[in-house]
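Here the structure comes first, spelled out in structure tokens, and everything after it is commentary.
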Amino acid sequence: MKLILPLLVLLLFMPLLAFSQVPPEPAPPPAVPPTVAPPTDIVAKDTPNDAGGSITVTFKPSMDDGAKPPKITGYDVLRSPAGKDSFEVAGFSPRVAPEPVGRINDSSVPQDGILYVYKMRAIGVNGNEGVSALSNPARSSQQWFNTARINALAATVLFLIFVVAFVNRARVGKSLFIRRIAGLSAVEEAVGRATEMGRPMLYVPGIGTISDIATIASLNILAQVAKKAAEYETPLIVPNFDPIVYTVAHEVVKEAYLEVGKPDAFKADNVYFITNDQMGYAAAVDGIMVRDKPATNFLLGSFFAESLILAETGATTGAIQIAGTDQVAQLPFFITACDYTLMGEELYAASAYLAKEPLLLGTLKAQDLSKMIIVGILILGALVTLALRSGWVINMLNVG
Amino acid sequence: MNWIQALFKIDRRILFLLIAVVVILPLVKPLGLPTAVTIHAQNLFDAVDRIPPRTKPVLLSMDYSPSVMPELQPMSLAIIRHCLARRIPIIIMTLDPTGAGLAEDAIRKAAPEYPELKEGVDYVFAGYKVGGYLAMISIGQSFQATFPSDAAGHASKDVPILANIKNYDDIGLIVCIAGSAIVENWIVFAVTRYHATLGAGITAVSSADYYPFLQTGQLCGMLAGMKGGAEYEQLLANNNLSHAPKRASQGMDAISSAHILIIIFIFLGNIGYFLGRRKKA
Amino acid sequence: MDRRIPLAIVLVLGITMMLQFFIPSRASETFFTDIFVRWGLIIYIFALIPSVGSLIRHHWRKLGARKEGWAYSIVTLIGLFGMALIGFLDREHVLARFKASGLFRTVFLNIQVPMQASMFGILAFYMASASYRAFRARTLEATLLLIAAFIVMFGVIPFGAYVWDKIPFISEWLLEVPNMAAKRGIRFGVGLGIAATSLKIILGIERSWMGGGGKA
Amino acid sequence: MFSHMFSTSVWTWIAAFLTLAIFSFLYKDNPFYRFAEHLFVGVSAGYWVIIYWYNNMVPNLINPLINFGHSWPHVSHVWLDGLVIIPGLLGLLFFSMFTKKHSYLILLPLAIILGMENGLSVPTYLQAEVLKQAQGTLQGIHTPFIAGQTFFLINGLIILIGVIATLSYFFFSREHKGVLGVSSKVGIWFIMLGFGASFGYTVMARLSLLVGRVQFLLTDWIHLIK
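Residue numbers (the working numbering), protein chains in the order written: chain A, 16 to 415; chain B, 531 to 811; chain C, 269 to 484; chain D, 292 to 517.
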């Protein structure tokens with residue numbers, strides 16, 4: 016802010032600089048640069064859907080806007096409290112043509128509720144300029160509802176209704192069919208294999224934070240895996256990248272041992288934090304893979320570039336690898352290097368699937384119904400676009 | 531048949547060793563595979579080349595961090611060498627907090643190749659500026675106020691190359707090398723607002739976003755990824771301007787040969803797989 | 269403590285945040301930046317303390333029990349305490365982030381950064397071994413994967429255009445059309461899955477984050 | 292002679308040694324890698340502790356409490372500064388995780404974080420991933436159709452079919468048979484083509500990082516490349 020004020024003042028004096036550079040000898044008459052046409056129809060309006068402090072100015076561009084070679088470089092927006100003549104530069108808009116209307120947000124309005132007027136100045140290539148007439152007075156204000164997000168609200172409410180409705184159906188005992196998900200059917204087998212071989216299991220919850228839902232999904236699956244590990248008394252190693260994820264993982268595993276009645280079998284030392292550094296974490300997990308030789312590796316959660324480092328090292332140790340992430344860019348690497356890969360949504364479905372909890376399964380039905388609606392919108396939207404040459408479905412999906 | 535099985539499961543360490551060899555060899559003994567120069571690289575080269583010697587300087591903004599250095603540093607070096615060879619003054623700056631080390635490094639490499647040229651007269655590092663696009667506007671207002679001194683602390687009015695720069699009008703060409711959206715800021719503020727001429731060097735991944743700006747002429751030329759750096763090095767060599775090691779070209783050689791090696795391996799693996807399957811059947 | 273207390277907190281805060289998304293007013297913005305973001309950061313920091321504690325304990329126990337590889341644990345502990353100590357003593361240089369001087373930055377640039385970069389370098393080797401092992405035309409699906417990767421790898425190097433000048437075009441088409449379609453389709457599901465999982469947690473249907481005691 | 296061939300900087304030697312130690316893992320696990328890995332973990336954990344301390348803890352918790360009433364630019368928000376004591380106290384509850392009886396107390400700070408994060412993600416993801424993606428898919432048909440670009444229109448339609456097919460693969464409540472079976476099969480084809488392309492494209496980026504590392508070894512450490 017401190018930088019902007021002097022800059023604005025400087026900008027105000029820019030026209031003066033143009034004068035000071037007038038050559039000493041009198042210029043021949045035809046060399047006087049023609050003036051540029053000013054923009055017209057300056058309209059000021061409170062910017063909708065914001066926290067105040069902003070006014071939107073729209074204008075019709077100068078007649079010289081579309082000229083080739085360019086005659087103007089753009090427009091300065093000048094603001095003054097209504098009734099006073101103390102204009103200051105409040106913004107800049109590049110050339111607008113071929114668009115018929117220019118629009119610029121002045122988000123430096125000093126005070127809500129006070130009337131301001133605007134004028135605009137077309138800046139010519141040669142330093143000449145064209146100043147517009149004044150706009151209508153306008154005041155900025157804050158809003159209490161973002162109308163540009165009505166469609167998002169509708170989607171949220173609709174989705175909420177679906178979820179609640181299907182969960183209630185599950186609650187009254189309606190059975191819900193869910194198809195087999197290959198990676199998840201393998202979990203049981205993977206635990207059994209580790210037990211048979213007398214080797215530990217490695218559970219890597221990824222490098223996401225607790226705000227990544229993939230991490231939460233992973234912790235939900237961890238709860239199921241930990242229970243099985245506790246039953247069979249197979250050691251379970253859980254190295255962590257994120258501090259909060261570590262605290263939750265620790266609780267989840269501890270409670271799992273408690274639940275199957277073997278609280279003493281829980282080794283706090285097997286669930287630990289490594290480092291908050293992406294590659295440092297990857298290096299350490301690689302170390303665990305080659306030294307402790309886990310029979311099963313779970314790589315579930317949010318993964319980035321380290322995905323292939325972990326998956327490929329795991330593949331060479333001969334472990335069964337079950338991976339899953341919602342980071343679409345990493346899925347190709349898991350698919351090539353792991354035995355089973357849960358793609359995107361399958362990861363979220365997993366904990367419901369493993370827990371076989373009807374209430375949890377209810378939301379899967381809600382998701383499927385929503386998918387059918389999306390497919391409907393896509394087909395309808397394509398038909399409307401092609402048959403009517405209209406973009407109204409597209410505009411309906413506009414979000415602010 | 532043992533050799534079929536061998537094709538099917540080549541030890542990964544052999545694979546690793548071969549990758550290391552095909553990456554290292556071209557770096558040590560350049561293959562000099564020809565690089566096809568794209569029109570965008572040629573345009574940038576011409577834009578620099580057209581500036582008359584000892585007049586308006588080139589402003590090179592190295593707006594990137596060490597993580598994209600392999601791709602972008604060769605571009606910066608090539609631009610610097612081009613200017614030095616042609617005696618076009620060059621001012622280097624950075625808008626990235628970690629860029630200062632890279633800029634100093636580039637000067638330390640290129641400048642000794644032209645011992646007759648002097649720091650402060652033919653080239654200078656102006657330093658890091660905080661604030662991103664605000665710094666770009668600030669240069670348009672007053673270069674002297676934006677850079678009151680160079681990175682070494684000499685007052686700008688005492689540094690010959692900087693002393694007469696008032697704003698973008700006194701700069702022949704801006705070249706922005708970056709891996710991020712900061713190029714777009716340069717376009718909006720330096721080009722649109724102050725009608726400066728701008729060229730850019732961009733990482734391969736982000737370069738696709740900038741082709742529209744080449745069509746509109748808001749970028750006078752562009753280098754894309756390590757290949758772009760290699761093209762510029764090729765142009766320098768073609769015009770007999772610099773025979774310094776061509777880092778990006780060597781890198782491109784290494785990358786190309788590694789790609790081909792991987793493709794060959796995939797091929798071998800599949801042949802082994804098919805022959806093995808046929809035998810079983 | 270009653271298990272319902274954390275569940276109530278999650279429900280109330282969850283609904284508040286959902287509403288916040290639709291309210292642009294100043295009070296709502298203040299709530300978001302000054303409470304949501306700030307409180308999150310502070311709680312996060314406190315979680316770091318027991319976490320680093322667990323790292324120390326892990327290596328300390330190894331050391332105490334003279335477990336296999338205990339000597340390496342000393343390296344980790346020295347690195348950890350050394351770096352923290354330098355940081356606390358060298359406060360000025362840590363804060364002046366834009367200067368490439370000071371021991372803290374030197375250690376960072378010459379120990380941590382090279383190892384990060386080397387791990388990234390290892391990735392290049394692993395891409396080779398993974399593609400050699402996995403890109404086999406076993407099934408129709410695997411063949412599609414193989415062909416697409418093959419064409420794009422040819423397309424990005426100058427050599428590809430020499431072999432057939434349409435290759436760069438096809439590789440771009442693969443990236444922009446089928447790749448785009450698959451990613452979009454997956455992301456629809458991801459968006460819905462995230463919203464569903466979040467709702468389950470807010471509504472208290474999914475409680476495994478509370479450990480076994482949170483059984484529905 | 293030595294300085295002609297090798298770097299004389301101790302730090303460069305350290306960096307080169309650690310680089311080689313990490314790469315040695317490609318052969319097999321060995322004491323050098325193990326040393327580097329353990330050093331990496333320790334130093335980076337220490338690094339992040341320091342960074343979080345100075346960048347988060349000091350400005351967000353310690354300064355507001357020490358300079359209470361002065362640190363905030365807007366006077367009306369002073370009470371918000373005071374409120375940071377709440378997450379501070381809640382944060383202390385994390386220490387309960389090491390106790391046998393009271394470890395459930397960590398559920399309080401967790402509930403705060405989970406409540407806020409999950410509430411935020413419901414509308415955000417429905418908007419960003421669902422509405423926006425649907426719009427983008429339709430836009431890909433609308434724009435070339437209006438402009439009369441046949442090639443791009445066909446691409447847009449292929450994307451539309453691919454999106455619907457991929458989406459149908461993620462349909463959980465029915466067996467993939469009949470129409471759903473066909474479309475989910477087509478979905479898998481799209482996924483495989485996309486993943487293959489994306490894999491192939493990434494090879495270049497990873498190789499350029501490896502090239503950067505090798506160039507460091509051969510120029511900064513051994514002066515082999517001039």
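Backbone N, C-alpha and C fix where the C-beta goes; we use that ideal spot for every residue, glycine too. Keep in mind the model is a prediction, meaning the values are calculated, not measured.
Rounded straight-line distance, which links the Cα of residue j to that of residue i
| i | j | result |
| --- | --- | --- |
| V47/A | I87/A | Per-residue confidence for V47/A stands at a pLDDT of 49, beneath the threshold of 50, marking its modelled position as unreliable; no derived number is given. |
| I303/C | N351/D | 11 Å |
| L379/A | I454/C | 15 Å |
| S300/D | K776/B | 25 Å |
| G702/B | R580/B | 9 Å |
| F462/D | G453/D | 15 Å |
| I794/B | Q384/C | 29 Å |
| Y492/D | M448/C | 14 Å |
| C613/B | I621/B | 10 Å |
| T210/A | E204/A | 10 Å |
| M135/A | N151/A | 13 Å |
| L325/A | A297/A | 7 Å |
| W363/D | A295/C | Because W363/D sits at a pLDDT of 47, beneath the cut-off of 50, its placement in the model cannot be relied upon, and the following sentence gives the value as read from the coordinates. The straight-line gap from Cα to Cα measures roughly 16 Å. |
| T356/A | M483/D | 13 Å |
| K367/C | L251/A | With a pLDDT of 48 at K367/C, under the threshold of 50, the modelled position of that residue is not reliable, and the figure given next carries that caveat. Their Cα atoms are separated by approximately 44 Å. |
| G207/A | T249/A | 9 Å |
Reference residue i, options the options, closest by Cα
| i | options | result |
| --- | --- | --- |
| T510/D | Y762/B, G650/B, D635/B, I691/B | D635/B |
| A314/C | V454/D, P400/D, I513/D, G491/D | According to the sequence displayed, residue 314/C carries Phe and not Ala. F314/C has its Cα closest to that of P400/D, out of V454/D, P400/D, I513/D, G491/D. |
| G302/A | A381/A, P373/A, L217/A | L217/A |
| V197/A | I337/A, P84/A, A326/A | In the sequence as presented, Val is not what sits at residue 197/A; that position holds Ala. It is I337/A. |
| I350/A | S489/D, F507/D, M388/D, Y324/D | S489/D |
| L805/B | V375/C, R404/C, M286/C, L467/C | R404/C |
| V413/D | I228/A, L398/A, Y368/A, G67/A | I228/A |
| A402/A | H393/D, F436/D, L422/D | F436/D |
Exposure label - residue i; buried when at least 16 CB within 10 Å
| i | result |
| --- | --- |
| S190/A | exposed |
| W339/D | buried |
| L31/A | Its pLDDT being 41, under 50, L31/A is placed unreliably in this model, and the coordinates cannot settle the point. |
| E601/B | buried |
| W512/D | buried |
| L728/B | buried |
| K243/A | buried |
| Q764/B | buried |
| W533/B | exposed |
| L398/A | exposed |
The ligand GDP heavy atom lying under 7 Å from the CB of residue i
| i | result |
| --- | --- |
| F463/D | As presented, the structure is devoid of all ligands, the ligand GDP included, so that no description of it is given. |
Residues that residue i contacts on chain G, provided the C-beta gap is smaller than 7 Å
| i | result |
| --- | --- |
| T428/D | Among the protein chains of the structure shown, namely A, B, C and D, there is no chain G. |
Meets three-Cβ-pair contact criterion under 8 Å: the region 299-315 of chain C and the region 366-386 of chain D: yes
Start-end ranges of the alpha helix (DSSP H) lying completely within the region 272-338 of chain C, minimum 4 residues: 272-288, 294-298, 306-332
At least 3 beta-carbon pairs within less than 8 Å: the region 459-470 of chain D vs the region 712-720 of chain B: no
Every unbroken alpha helix (DSSP H) within the region 682-767 of chain B, with a cutoff of 4 residues, ordered by chain: 690-693, 712-715, 734-737, 741-745
Any 3 or more C-beta pairs closer than 8 Å across the region 398-414 of chain A and the region 535-549 of chain B: no
Alpha helix (DSSP H) segments (min. 4 residues) lying fully within the region 130-186 of chain A: 165-186
Contiguous alpha helix (DSSP H) assignments of at least 4 residues, all confined to the region 371-451 of chain D: 376-383, 398-416, 423-438
Alpha helix (DSSP H) segments (min. 4 residues) lying fully within the region 336-377 of chain A: 346-352, 360-370
Touch test, the region 651-668 of chain B against the region 624-634 of chain B, Cβ-Cβ under 8 Å, three pairs minimum: yes
Validate contact between the region 583-601 of chain B and the region 564-573 of chain B using beta carbons, cut 8 Å, 3 pairs: no
Stretch pair the region 343-359 of chain C + the region 369-378 of chain D: three plus CB contacts closer than 8 Å: no
The region 668-678 of chain B contacting the region 642-653 of chain B, beta-carbon criterion three pairs below 8 Å: no
Segment contact, 8 Å Cβ cut-off, at least three pairs: the region 749-766 of chain B with the region 165-181 of chain A: no
Segments assigned alpha helix (DSSP H), at least 4 residues, entirely inside the region 287-328 of chain A: 293-307
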